[in-house]
Each structure stands twice: as structure tokens, then as C-alpha cells.
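So in the numbering used here, spot 10 of the sequence shown is number 31, and the numbers just go up one at a time.
Note that beta-carbon positions come from the ideal geometry of N, C-alpha and C, so glycine has one too.
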Amino acid sequence: MKIHEVDARGIFSRFSLPVPPSRLITEAEQARAAAGELGCPVVVKAQVLVGGRGKAGGVKLASTPAEAVEKARSILGMDIKGLTVEKVLIAKAVDIAEEFYAGMVIDRISRKPLMMISPAGGIDIEEVARSTPEKILKVKIDPATGLLPFQVRRMASFLTGDKEIARQLGPVFTALYQAFMEVDASLAEINPLVVDPQGRVWAIDAKINIDDNSLFRHRDLAGMRDESAEDPGEVEARNSDLSFVKLDGNIGCIVNGAGLAMATMDMIKHYGAEPANFLDIGGSSNPEKVLAAMKIILRDKNVKAILINIFGGITRCDDVAKGLIEARKNLKMDVPLIVRLTGTNEEEAKKIIRGTDLVSAESMDDGVKKAIEMAGR
Ligand code: GDP
Ligand code: MN
22 MKIHEVDARG
32 IFSRFSLPVP
42 PSRLITEAEQ
52 ARAAAGELGC
62 PVVVKAQVLV
72 GGRGKAGGVK
82 LASTPAEAVE
92 KARSILGMDI
102 KGLTVEKVLI
112 AKAVDIAEEF
122 YAGMVIDRIS
132 RKPLMMISPA
142 GGIDIEEVAR
152 STPEKILKVK
162 IDPATGLLPF
172 QVRRMASFLT
182 GDKEIARQLG
192 PVFTALYQAF
202 MEVDASLAEI
212 NPLVVDPQGR
222 VWAIDAKINI
232 DDNSLFRHRD
242 LAGMRDESAE
252 DPGEVEARNS
262 DLSFVKLDGN
272 IGCIVNGAGL
282 AMATMDMIKH
292 YGAEPANFLD
302 IGGSSNPEKV
312 LAAMKIILRD
322 KNVKAILINI
332 FGGITRCDDV
342 AKGLIEARKN
352 LKMDVPLIVR
362 LTGTNEEEAK
372 KIIRGTDLVS
382 AESMDDGVKK
392 AIEMAGR
């Protein structure tokens, strides 16, 4: 789950990161009072869930309250990478002498939290990684010990030779690590982390992605979700309690169980085609879920065939077959449905499907081949 900069700033502040004060507004005129209270200059920042707002014109400095209103007016309603700006943050501006990068991710290879530091701040870290990878220091952190003092010193000296700045950076790294761990983030980033001309360190941008699987223990954070920036199919799937990931191929998949769903995608690729999605309808495949899944998949105009691959255990194949026929009737669709049902009440299911326009498959292999063939027509 991506959260807005204003919320990420709130979390960073709770961990005592040096975040300049700010106000969130929704009407341009409110910028006047906000800028007045904060003191100019201020920076007017679009709150949208995409990176690179600065380059897109969504971050502008203002030196008077009147100018803040004008800048807020130009940014509100702006379209940034397909998202409409509905809120802007008015933040106290910082004079920038130096710009660094500091970020936290999970390193899948070492299976540890990883802190990344770079003296090349303010630009895309992916770009730095490509063109000047030597400017990034990566530090793996053992969660059992946390960030260790020698690691903090190494990172600080990677960024600066100035003792006074280094002294301020230590607590910044520690707080960034703590915030990342505490909210179960998958990413926490300060870009840029700046030094002002007086030598003070500030976190002037804040980005946090929260691991969706941890939200059950972060009720307070769940309210920060903004569905406007998410794929509508993924939003609907989450609300229907389905695991769905949209992909770029043309074969829709409805499968029960994540393992079988992965195997189905692998087999589609094995035969040279591409799945349109990953979709796990869960252990029990009740008809409502099948229907919801079908609707979500049909939203994708690339889909040329849908493969339903169900392993009946507790789930009865005849129930699923009935649900499918019902869904077929109720939803307007012209894509072929290829159905592979195996397990409990498999024979009854086959009888139900016979004589309908659903295509019955003998095996998973057969189902995948048929789906690919029919998608190609
Ligand atoms: P992003 O483009 O979405 O990452 O948004 P940022 O918050 O990082 O802002 C983009 C750029 O605007 C920064 O890299 C800075 O160059 C500039 N900027 C943002 N806040 C300030 C500020 O307080 N003072 C100054 N001088 N520049 C700022
Ligand atoms: Mn930034």
C-alpha cells in the first residue's frame, strides 16, 4: 500500500526525523493562511501517489503567501501521470546546500532489511544505480541486533566529511530504520535528505509503502489507503477478498490456491503464451467469488480466453460448474471459458458442463493448450 507524502511525513515525525512543518490543503485559498503560519518561503507539493512530482511540475517554491495561493491553484487539479491532484501540502521550505538519498527496502537475497545511502540525492535512485552504482552504499541490517554503531558511522562518512553533519545523520539513519520496521514497510525513502546552508539536516520528502499483509495489525494505517492510484481491478479484488495481480498477457486465469495459480501461469508460459493475471480465489471457491473474479478479468480488454482451473477438495466441482454457468448467463462476455475441474464430484461437474458453451478440459495441460488455441483465434 502506497501512502501519501503527508502521511509518511507524519510517521517520520513520530520517529523524530527532522521533517519541516507543513499543512495539508484542498483549496488554493487555504494556502494563504498556511504559508502565513509556517512563514515563507514555502514549498507547494502535489499529493499524488507517484514519484517524480518535481519534474512533472507538481512541486513549486513560493516566497509569499499570495504566491503560495497562485502555485496551489496551478497544482490543484493538475494531472500527474494519470492522477488528478486533489490535495496539496504547503511545507516550510528549506534552503538546500547538499542533497543526499536515504532509503530502506527488504533485500530478498539476504532476506534482511537493507539501507541504501547516496550522496547523489534528489534524483531517481534507479538512475543513480544504473549510471553511477559506486555512489550507493548498501548496508544489510540484522533485525536481531538492529542498526549497529559502526554501520551508522560508515554510512555517515560515506555522505560527508563534516563531523557536525555526520553527528546529525546518525539519528536520522536509526530513526529511518525504526520507522521502517515499526510500520512493516516494504519501502521507506527520504529523497532528498538535505543539508541547509547553516549545516542542519532535513528530510524534505517522505515516501513509505506498507506491506499489505501486515495491515491487519496496523488498523490506524489502513485508513491512509488512497485507491485512486491503484489498479481498479486490484481494488475490486481486495474488496472481494481475492488475490489478484494484473499482468500483460491475454489469457485470464481463475484458480483456487496460490500454488496452483502459479503453476497455471508457469504452464501458460511454458506453451509460449502469456497470462493476463494471477488470481487466487482461495481455498473454497464459492460462486460469488467466481463471479467477482470473472468481472475483474473481463475488465481487461486484452483477455481473449479465460481458463478456470479448480482443484476440488472441500470445494465441490459441481457447485463450481453451476456457478460458472450462472455467471456465464449473467455477464455479457464473448470470450471462451475453458474449464478444468478435478477432484470432488468431478464427473457430476462434467455432466453439467456438457451441452453448454463452456469448454471442458481433461487435464491442466489440456486446459492450458485449449485456452491458448482459443485465445489465438
Ligand atoms: P518528488 O519529485 O516527487 O520526489 O518530490 P520532492 O519532494 O523530492 O521534490 C522535488 C524537488 O523539489 C526536490 O528534489 C528539490 O529539488 C525541490 N524541493 C522540494 N522541497 C524543497 C524545499 O523545501 N526547498 C528547496 N529549495 N527545494 C525543494
Ligand atoms: Mn523526492
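Would you identify the three-state DSSP class for Met136, choosing helix, strand or coil?
Of the three classes helix, strand and coil, the one that applies to Met136 here is strand, per DSSP.
DSSP three-state call for Lys66: helix, strand or coil?
Note: Lys66 maps to strand in three-state DSSP.
Is the closest heavy atom of the ligand MN to the C-beta of Asn260 under 6 Å?
False, no ligand heavy atom lies under 6 Å from that Cβ.
Could you tell me the distance, in whole angstroms, from the CA atom of Val256 to the CA atom of Glu248?
Distance between the alpha carbons of Val256 and Glu248 is about 7 Å.
Using 10 angstroms around the beta-carbon of Tyr198, count the other beta-carbons present and answer buried if the total reaches 16, otherwise exposed.
Answer is buried; the Cβ neighbour count reaches 16.
Is there contact between the stretch 262-275 and the stretch 311-320, where contact requires at least three CB pairs shorter than 8 Å?
Verdict: yes, contact present.
Could you tell me which residues DSSP pairs with Ser43 in its beta bridges?
Ala112.
What residue from Leu328, Phe121, Glu155 and Lys159 has the CA that sits closest to Ile144's CA?
Answer by Cα proximity: Phe121.
Alpha carbon to alpha carbon, what distance is there between Trp223 and Ala76?
Position check: residue 76 holds Lys in this sequence, whereas Ala was assumed. So the alpha carbons of these two residues sit roughly 21 Å apart.
Does any heavy atom of the ligand GDP sit closer than 6 Å to the C-beta of Asp410?
Residue 410 falls outside the range modelled here, since the chain spans only 22 to 398, and no answer is possible.
Can you tell me which of the three DSSP states Phe121 falls into?
In the structure shown, Phe121 sits in a strand (DSSP, three-state: E or B).
Hey, how far is the Cα of Asn230 from the Cα of Ile127?
Distance between the alpha carbons of Asn230 and Ile127 is about 12 Å.
At a cut-off of 6 Å, is Asp378 close to the ligand GDP when judged by its beta-carbon and the heavy atoms of the ligand?
False, no ligand heavy atom lies under 6 Å from that Cβ.
Would you say the beta carbon of Asp226 is closer than 6 Å to some non-hydrogen atom of the ligand MN?
Asp226 Cβ: within cutoff of the ligand MN.
Under the rule that 16 or more other beta-carbon atoms within 10 Å means buried, what is Arg74, buried or exposed?
Arg74 should be labelled buried.
To the nearest angstrom, how far is the alpha carbon of Arg361 from that of Lys325?
Between Arg361 and Lys325, the C-alpha separation is close to 17 Å.
I need the DSSP call for Arg349, collapsed to helix, strand or coil.
Residue state, collapsed to three classes: helix.
In the DSSP output, which residue or residues are listed as bridge partners for Leu358?
Answer by DSSP bridge pairing, in chain order: Ile327.
Please look up how many angstroms separate the CB atoms of Leu300 and Ala314, rounded, as I've assumed it's under 8 Å.
Right, their Cβ atoms sit about 6 Å apart.
Whether or not the stretch 108-121 and the stretch 34-47 are in contact is what I'm after, with contact meaning three or more pairs of Cβ atoms, one per stretch, closer than 8 Å; do they touch?
These segments touch.
What is the rounded straight-line gap between the Cα of Met125 and the Cα of Ala294?
The alpha-carbon atoms of Met125 and Ala294 are separated by roughly 36 Å.
Just to confirm the assignment, what range does the alpha helix (DSSP H) spanning Ile2 have?
Residue numbering for the chain in the displayed model covers 22 to 398; residue 2 lies beyond these limits and cannot be assessed.
Ala297: which of Pro192, Leu38, Lys322 and Ala279 sits nearest, CA to CA?
Among Pro192, Leu38, Lys322 and Ala279, the Cα nearest to that of Ala297 belongs to Lys322.
Run through DSSP, which three-state label would Gly143 get?
In the structure shown, Gly143 sits in coil (DSSP, three-state: anything other than H, G, I, E or B).
Taking the beta carbon of Gly397 as the centre, do at least 16 other beta carbons fall within 10 Å, making it buried, or is it exposed?
Exposed.
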